[in-house]
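Numbering (UniProt numbering), first residue to last: 1 to 163.
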């Protein structure tokens with residue numbers, strides 16, 4: 001068959017994308033039975049890096065799941081009929097999946113009093129693969145030991161390089 005039209009990103013989340021594309025319009029070809037969707041991660045990624053997705057119908061739309069948050073993706077589509085496979089479509093325009101809250105957390109390496117009213121804290125950053133978005137910094141929450149649990153104070157450190 002002829003290649004399908006360029007896949008369009010209809011909508012996306014942090015972990016999925018809805019794609020849609022046009023069938024080839026050549027009536028001389030055998031009917032399309034299904035499609036193969038190829039995934040590229042990053043702007044220069046390899047098309048063979050991710051396993052291809054074989055759709056189960058000739059419907060020219062599909063929801064791709066299992067994506068990673070805050071990651072650049074593009075897709076291309078191959079039509080399949082009883083005679084074989086088409087050449088790949090033009091690739092979709094690049095897009096970045098949405099962010100998620102980090103799954104990792106810092107690990108405290110040092111914590112001790114420096115005076116009656118202050119403490120020194122040092123920590124190790126969470127693993128990069130657990131950030132799931134743009135790393136903006138840290139939030140430190142604290143309260144006096146003998147105060148109510150609702151009496152919490154917060155400090156924001158808007159520098160991801162601080163440890």
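Glycine is no exception: its CB is placed at the ideal position from the N, C-alpha and C atoms.
Bridge-paired residues (DSSP) for residue i
| i | result |
| --- | --- |
| residue 124 | 107 |
| residue 97 | Residue 97 pairs with nothing; no bridge assigned. |
| residue 172 | Examination of residue 172 is not possible in this model, given that the chain is present from 1 through 163 alone. |
| residue 17 | 12 and 64 |
| residue 87 | In DSSP, residue 87 forms no bridge with anything. |
| residue 141 | 154 |
| residue 54 | 36 |
C-alpha distance - residue i paired with residue j, whole-angstrom precision
| i | j | result |
| --- | --- | --- |
| residue 99 | residue 109 | 28 Å |
| residue 126 | residue 105 | 5 Å |
| residue 1 | residue 28 | 9 Å |
| residue 156 | residue 118 | 16 Å |
| residue 38 | residue 101 | 28 Å |
| residue 132 | residue 15 | 11 Å |
| residue 124 | residue 52 | 38 Å |
| residue 116 | residue 144 | 12 Å |
| residue 4 | residue 77 | 7 Å |
| residue 40 | residue 149 | 48 Å |
| residue 91 | residue 74 | 6 Å |
| residue 81 | residue 34 | 7 Å |
| residue 93 | residue 57 | 24 Å |
| residue 69 | residue 43 | 16 Å |
Residue i: CB within 6 Å of a non-hydrogen atom of the ligand ZN
| i | result |
| --- | --- |
| residue 132 | In terms of ligand content, the structure shown is empty, and the ligand ZN therefore cannot be addressed. |
Sequence-distant residues of the same chain with beta carbon closer than 6 Å to residue i, five excluded per side
| i | result |
| --- | --- |
| residue 111 | 121 |
| residue 165 | Within the shown structure, residues of the chain are numbered from 1 to 163, placing residue 165 beyond reach of any answer. |
| residue 96 | 72 |
| residue 151 | 143 |
| residue 140 | 155 |
| residue 172 | The question about residue 172 has no answer here: the residues shown for the chain are numbered 1 through 163. |
N-terminal and C-terminal residue of the beta strand (DSSP E) that residue i is part of
| i | result |
| --- | --- |
| residue 41 | 32–41 |
| residue 135 | Here residue 135 belongs to no beta strand (DSSP E), and DSSP marks it neither H nor E. |
| residue 76 | 72–81 |
| residue 65 | 61–65 |
| residue 154 | 153–157 |
Same chain, Cβ closer than 7 Å to residue i, neighbours up to 5 away in sequence not counted
| i | result |
| --- | --- |
| residue 103 | 130 and 132 |
| residue 89 | 3, 4, 5, 6, 7, 21, 76 and 77 |
| residue 107 | 123 and 124 |
| residue 113 | 119 |
7 Å Cβ cutoff, residue i in contact with chain B
| i | result |
| --- | --- |
| residue 129 | No chain B is part of this structure, which consists of one protein chain only. |
Between the stretch 2–17 and the stretch 42–53, can you find at least three pairs of beta-carbon atoms closer than 8 Å?
no
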